[in-house]
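Notes follow once the structure below has been shown.
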Amino acid sequence: MSTPTAKAVPGKKLLNPSDHLLIMIDFQSQMAFATHSIPAIELRNNASLVAQAAAGFKVATILTTVAEKSFSGPMFDEVTAPFGGKEMLDRTSMNTWEDAAVIAEVNRIGKPRIVLAGLWTSVCIVGPALSALDQGFEVYVITDACGDVSTEAHERSVERMVQAGAQPMTSLQYLLELQRDWARGDTYDLTTGIAKKVGGSYGIGINYAKTMFGAHEG
Numbered sequence: 000m001s002t003p004t005a006k007a008v009p010g011k012k013l014l015n016p017s018d019h020l021l022i023m024i025d026f027q028s029q030m031a032f033a034t035h036s037i038p039a040i041e042l043r044n045n046a047s048l049v050a051q052a053a054a055g056f057k058v059a060t061i062l063t064t065v066a067e068k069s070f071s072g073p074m075f076d077e078v079t080a081p082f083g084g085k086e087m088l089d090r091t092s093m094n095t096w097e098d099a100a101v102i103a104e105v106n107r108i109g110k111p112r113i114v115l116a117g118l119w120t121s122v123c124i125v126g127p128a129l130s131a132l133d134q135g136f137e138v139y140v141i142t143d144a145c146g147d148v149s150t151e152a153h154e155r156s157v158e159r160m161v162q163a164g165a166q167p168m169t170s171l172q173y174l175l176e177l178q179r180d181w182a183r184g185d186t187y188d189l190t191t192g193i194a195k196k197v198g199g200s201y202g203i204g205i206n207y208a209k210t211m212f213g214a215h216e217g
């Protein structure tokens, strides 16, 4: 068996800002009330991180709600604010992929990769993930920006999607994968700025290093 030749190029499975569509689903009050697989404050933080990353890197994004006016309530401010008043697509279907308006937008944007985050994992994320995979899309799921009524429900849902071919990732991983090289100066301040605000202990470390001794990645 011959030894492969290494090349200084990224793997094809890595995301970049222009090759995917992010769909943020049902980050709404009623859905959050019953979410117990992740603390609400952590969920809101991670959803904010994803939204800020997508908006900052100009990722094609769909924001969608279910029964916003009649039942589920408004989408989290942390998700909507980075997009500056972007229109949300409200649905009656639990499965986003069965909504004609959402699918029309998916086709208009025309990306081969779908990245999902939202509530609940076992219903509103599994539905579009399995449906998109079935239709030939690559699917990524930001698992720590999802939640469910129990840890069991969330974990089994992630396992089900992974077994079907979806690729799991985290919110901070999503941000850093979009940046991927600290030499990309045009988005350096954006990336570190988001990390300092909502990047947990990693962000604290960045702030400390810059403040104490002027450290700079790369």
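Sequential numbering of the sequence shown, starting at 0, is according to numbering that gives the first Met the number 0. From the three backbone atoms N, C-alpha and C, an ideal C-beta is built for every residue, glycine too.
At the C-beta level, residue 142 and residue 161 stay beyond 7 Å of one another.
Bounds of any alpha helix (DSSP H) do not take in residue 138; it lies within the beta strand (DSSP E) bounded by 137-146. Contact check for residue 146 and residue 118: beta-carbon distance about 6 Å, within the 8 Å limit, so the pair qualifies. The Cβ-Cβ distance between residue 52 and residue 173 falls below 7 Å.
Non-local C-beta neighbours of residue 14 in its own chain, meaning closer than 6 Å and more than five positions away in sequence, comprise 176, ordered along the chain.
It is roughly 12 Å from the alpha-carbon of residue 111 to the alpha-carbon of residue 12. The residue from 0, 49, 109, 204 with its alpha-carbon nearest to that of residue 116 is 49. Per DSSP, residue 0 lies in no beta strand (DSSP E) and is assigned neither H nor E. Residue 148 sits away from residue 47, with the two beta carbons spaced by 7 Å or more. Cβ-Cβ separation between residue 124 and residue 24: approximately 7 Å, consistent with a contact (criterion under 8 Å).
Remark: C-beta atoms of residue 102 and residue 59 do not approach each other more closely than 7 Å. When DSSP states are grouped into helix, strand and coil, residue 8 belongs to the coil group. Take residue 34, set aside five residues on each side of it, and the residues of its chain with a beta-carbon closer than 8 Å to its own are 42, 118, 119, 146, 147, 148, in chain order.
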